[in-house]
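S.K.: Got a structure for you, questions after.
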Amino acid sequence: MGRLLLTQASLAAAEKRVGDCITHVCEALRHPLSLEVWEESLELMLKAAASHPSPSLGNSAVAAVEGSLASLNSLLLRRNSNEALRLEAVHATLRARLVALKAHMILSCSEKSTDKLEQLCQEMSVSTGDLLRLGRREEAACVMLDHARITMRALSSSTDDTSHKASLLRAVELVKGAVDTLQSMLKDTLSLCQLPDGLYTAGEGLLVEAELVMANFLLHISERYVEEERQERTKQQQKSYTQQMIDDYVRVAPEHGSVEDVWNRVASVAAEKALALLASLLTRSAVQSRAPLKARCVYGRGRAQLLMARQANPDSPCVWRQREEADGTDGVPQTVDGGEVVGAATASQVNSISHQEVKIAQSESVQYLARGSQSLREPLTLALQSRDMNVAAMAAMKIVESCGTSDAQSTALHLAVYQSCVASQGLLQLLREILCDPSQSRLAVLLHQHSQLTSPSPLSPSPPSPPPPPLLLEELTEQLNTYTCWHRLGVSADYMDLLKHFPPHFRFLVLQHSDDKSHLYSAYLVPPQPPPPAAKKGGPPPVAVSEMPVVARVAVSTDDRERLVNMVASSHRLQTQQLLKPLGDSSPFDSTVNHQFSSIKEAMDNYLTPALEPISTALLEKSDQGLTVVLLADFDLLQLPLEAMSLLQSQCVKSVSRDFSLQMQYHRIQKFLVEDEAVSATKKGKFQLQPSFLQSNITNFKYILDPRCELSNDSGNEGQQPAYKIMSQINAFPKITSKWTGHRGTTPEQAMSSSQWYPIVEQCSGFLFLGSERLAAHFPPGQLASLSMQDCSIAIVMDHMHTLKSSLTQSKLDLHKSKEEIEAEQSLQTAALLSLAGVSCLLSRQWSSTVDSCTDTVCNFLKKLLSGGVGGVADMKWSETREQSQLVTDSDTQEMPNEPSKEQKDHSSVFNSVVYGLPHLALTLPTQ
């Protein structure tokens, strides 16, 4: 019975049902079990509790394990010597894992108890000594590694500089002890037998992981040391020559053996030691046979070389260029009050020597910088090929930091790659949160299996799991590739050539926060432009005007960003409340809402303007062109009304859309590309550009109108109902819309079944939804994620309309949902899921709006689209709504005013509708 309960617990842990897992283990412990099964049960409970941040579940696991260890401790006194040693080893191993779980629970809390962490670290030291005494060297090495990780994670709450450095040195000593222990164990193993080339033992794999942790810790120390040296160098440069001599004379060297002395000796050579260690790792068969591990090692090597470049010369390349321009000013005699020359020859000699030293250091730094930048491109390619987005993002960001403004083209492209990797990680996390239960669908099972094989194990002192079998991972990847969402999560390794696939009038505006949200990066990307026209006979040669990319980085405040996001969320709630007010009480969009929206615009401009200032200059220079701007922003910024930025009100900006990354934009446009024509044109020596407008046939257009009949008013006039108005527009062109089908709600409060949804959304070239509340509340996000809508060129989602009837129904449904489930149904998450499903262009609402506004928008769209006639083409653009937010055709843009009034700019409804994906679509109407 105990074994059966343990099997159920294992299944619950695999399905991330931590509570059920702990309950089954506690019940299994009440039955007679062998020592092996009993130890396996406690290990399973500890791993399950460590994988879930819930304090209550963790406390339950801790109480159960402590009770079991107390019982085991009493058994030690009644056993013979041989059996007692075995029981003592089990007791020491489980105690170490229990301590690691307690530390993990403390570190997961917002308020960390330093005293408790120090006590737990002392207990881990005792457990390490016991395991080494009992001959459990592998378990002892794992305990030392986790002890070091806990020490590193606890540093974030330390404010004292000396204690911070002492903890870093202690962590390095712990990892070094683990490496030495594993090396001795591997030496003993290899003394018994020699393995053929290409094979390695599990102990060697664990040693590689420990050495990689050692290299990362050394690089962390080197980064801190280099930053301190840079700050000290800056202070010294601001001092006069006399003050520097006085400081050198009175400076006292740190006492030998003190924390500062040991820190200087270790940190000054940390980057060199890490580089040598990583070079040794790259020669091991355990690294060469595993692409993700090799990518991590090569990334560490490039990171070490960049640190050595900064250590040789902390100044940036911009400072080098300024120094070269000012070479003739060196050696100027220094004077004191009264104009008397003091030590002119000495100062000149010192400046000359210093200048030579700077030149040598600069030359050495340039060599390391070139090697590091080149080394980082290899792990970026390896990580993208193996879908290790974490390593790829870190490598891309290091390249961005190393290139800076010296190579704007490379910096901007790698910033776009970094954003694509971060967006892919965020979208994958969204899928895993939505499909957390493997019983939901086949996609949920595959994602769960992939997470088990590739995700790092939670904090636990047990030995790391062996790498997944390559064939198993390849087969799992092949099955995942059958889903559109998995394909769109990938990032192309040919990232340097993505821009050539976009039309020449596209302009990409990248906005991305750093990993710690302390800096905001911006970039301006330009696709390849056509060559200038041929010169006329006897005329001057044409001048080719090149538009260069722009990149910038500014420091931002986390509080300002959170305040801005909270303002937007508060505005959304206020607009919903205004819509639900009784008729005649006040206007749905009164002055309060518009005033709040104006405040949001002002705060957003203040937050983004420093990063966009270099880009605004590049845009204003193209005032005579009709540019198509695509905003590529991170998830934090996509919650803002970015289309309302002052920068985008320029005359040269004719259309605006947004997207999650450049890679997602490429996935959308990929099916429209004409690769064969491009290859043939290249062979003929011609310059091939992508077409300005991407044609797509919308013969198989589908619609879903008011599925619960919650938008109908009580007037009794059928002609005033939203669904009737839209159907009237569709039926007005029978020759074109004869094949258009869909669903129109007829029964109040009756939801559509999945069998009704799938035929509509999966087999359409265009899709229209008009309904109350949220789209994902009608069609669950878990089912939306597994759709395949690659043929859908345009999707129009008109939701976020509220009536008293719909709000009452939705509130009843939300009572049975968690906070995470409701969050997954919001407009940004729905746009992400539809983008992963394969939609090329998505028109969506950002916040609540009136029923009449949404209905008029859809009717205007259908009228302009269908009035082109049979076989016609309507060029659908997104305009920032000079009069009112809507999709307009090419002919309509000529009739619109050049500049919106201030009242229109400050009206929240103007910027409610946004477009994700392709901003220009030539929708071809059916010929029959």
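Mind the numbering: the sequence shown is residues 22 to 949 in our numbering, read in order. Idealized CB from N, CA, C, for every residue including glycine.
What would DSSP say about Ser-1, mapped onto helix, strand or coil?
M.R.: With the chain represented from 22 up to 949, any question about residue 1 goes unanswered, as that position is not in the structure.
S.K.: In the DSSP assignment, find the unbroken beta strand (DSSP E) run with Leu-791 in it and report its ends.
M.R.: 787-793
S.K.: Tell me, please, whether the stretch 850-869 touches the stretch 492-510 by the rule of three or more beta-carbon pairs shorter than 8 Å.
M.R.: yes
S.K.: Which whole-angstrom value describes the C-beta separation of Pro-1011 and Thr-876, a residue pair presumed to lie in contact below a C-beta threshold of 8 Å?
M.R.: As shown, the chain starts at 22 and ends at 949. That puts residue 1011 outside it, with no answer to give.
S.K.: Closest to Met-588 by C-alpha separation, out of Ala-816, Leu-658 and Ala-113, would be which residue?
M.R.: Leu-658
S.K.: Where does Asn-718 sit, in a helix, a strand or coil, going by DSSP?
M.R.: strand
S.K.: From Phe-529, Ala-124, Leu-600 and Leu-864, pick the residue whose C-alpha is nearest to that of Val-674; which is it?
M.R.: With distances taken between Cα atoms, Val-674 lies closest to Phe-529.
S.K.: When the Cα atoms are used, what is the spatial distance from Lys-756 to Asp-727?
M.R.: Cα-Cα distance, rounded: 25 Å.
S.K.: With DSSP run on the structure shown, which of helix, strand or coil describes Gly-364?
M.R.: Because Gly-364 sits at a pLDDT of 41, beneath the cut-off of 50, its placement in the model cannot be relied upon, and the point is left open.
S.K.: When we look at the beta-carbon of Ala-84 and count the other beta-carbons within 10 Å, is it buried (16 or more) or exposed?
M.R.: exposed
S.K.: DSSP state of Leu-25, grouped into three classes?
M.R.: Note: Leu-25 maps to helix in three-state DSSP.
S.K.: Quick one: what's Met-819 bridged to in DSSP?
M.R.: Leu-791
S.K.: Can you tell which of Ala-654, Arg-582 and Ile-636 has the C-alpha that lies nearest to the C-alpha of Tyr-628?
M.R.: When only C-alpha atoms are compared, the closest one is Arg-582.
S.K.: What number of angstroms, rounded off, separates the C-alpha of Ala-639 from the C-alpha of Val-512?
M.R.: Here the alpha carbon of Ala-639 sits roughly 28 Å from the alpha carbon of Val-512.
S.K.: Using a Cβ-Cβ cutoff of less than 7 Å, which residues in the same chain neighbour His-469 once the five nearest sequence positions on both sides are dropped?
M.R.: Pro-459
S.K.: Using the three-state DSSP reduction, which class does Phe-693 fall into: helix, strand or coil?
M.R.: In the structure shown, Phe-693 sits in a helix (DSSP, three-state: H, G or I).
S.K.: Please check the pair Leu-834 and Val-818, which I expect to be a contact at CB under 8 Å, by giving their CB distance rounded to whole angstroms.
M.R.: About 19 Å; that fails the 8 Å criterion.
S.K.: Can you tell me whether Ala-242 is buried or exposed, with buried defined as 16 or more other CB within 10 angstroms of its CB?
M.R.: Per the sequence presented here, residue 242 reads as Ile, with Ala not at that position. When all chains shown are included, Ile-242 counts as buried.
S.K.: Using CA atoms only, rank isn't needed, just tell me which of Pro-491, Thr-432, Ala-852 and Ser-134 is closest to Ser-678.
M.R.: Ala-852
S.K.: What residues are listed by DSSP as bridge partners for Phe-527?
M.R.: Thr-649
S.K.: Am I right that Phe-681 and Ala-416 are in contact with their C-beta atoms under 8 Å? What's the rounded C-beta distance?
M.R.: The Cβ separation is near 20 Å, so there is no contact.
S.K.: Beta carbon of Ala-113, beta carbon of Ser-62: below 8 Å?
M.R.: no
S.K.: Does the Cβ-Cβ distance between Gly-792 and Ile-781 come in under 8 Å?
M.R.: Not in contact: Gly-792 and Ile-781 (Cβ atoms no closer than 8 Å).
S.K.: Would you check if there are 3 or more beta carbon pairs closer than 8 Å linking the stretch 314-323 to the stretch 286-304?
M.R.: Touching, yes, given that three or more Cβ pairs across the two stretches are closer than 8 Å.
S.K.: Is the beta carbon of Leu-436 closer than 8 Å to that of Gln-533?
M.R.: yes
S.K.: For Cys-130, does the count of other Cβ atoms within 10 angstroms reach 16, so buried, or fall short, so exposed?
M.R.: exposed
S.K.: Give the DSSP-derived three-state secondary structure of Gly-763 in the structure shown.
M.R.: strand
S.K.: What does the alpha-carbon distance come out to for the pair Arg-170 and Asp-515?
M.R.: 36 Å
S.K.: Ignore the nearest five residues each way along the sequence and tell me which others in Leu-467's own chain have a CB closer than 6 Å to its CB.
M.R.: Excluding residues within five positions, the ones whose Cβ falls inside 6 Å are Gln-500 and Leu-501.
S.K.: By the DSSP assignment, the beta strand (DSSP E) with Cys-862 in it spans what residues?
M.R.: 862-866
S.K.: Can you tell me which residues form a DSSP beta bridge with Gly-938?
M.R.: Cys-862
S.K.: From Ser-612 to Leu-663, what does the alpha carbon distance come to, in whole angstroms?
M.R.: One Cα belongs to Ser-612, the other to Leu-663, and the distance between them is close to 21 Å.
S.K.: Looking at C-alpha atoms only, which residue of Arg-158, Leu-122 and Gly-156 is the closest neighbour of Val-144?
M.R.: The sequence shown places Glu at residue 144, rather than the Val named in the question. Nearest neighbour of Glu-144 by Cα position, chosen from Arg-158, Leu-122 and Gly-156, turns out to be Leu-122.
S.K.: Can you name the start and end residues of the alpha helix (DSSP H) that Val-421 belongs to?
M.R.: 410-424
S.K.: Give the straight-line distance between the Cα atoms of Ser-184 and Ala-433, rounded to the nearest whole angstrom.
M.R.: Roughly 39 Å separates the two Cα atoms.
S.K.: For Val-577, name the three-state secondary structure that DSSP assigns.
M.R.: coil
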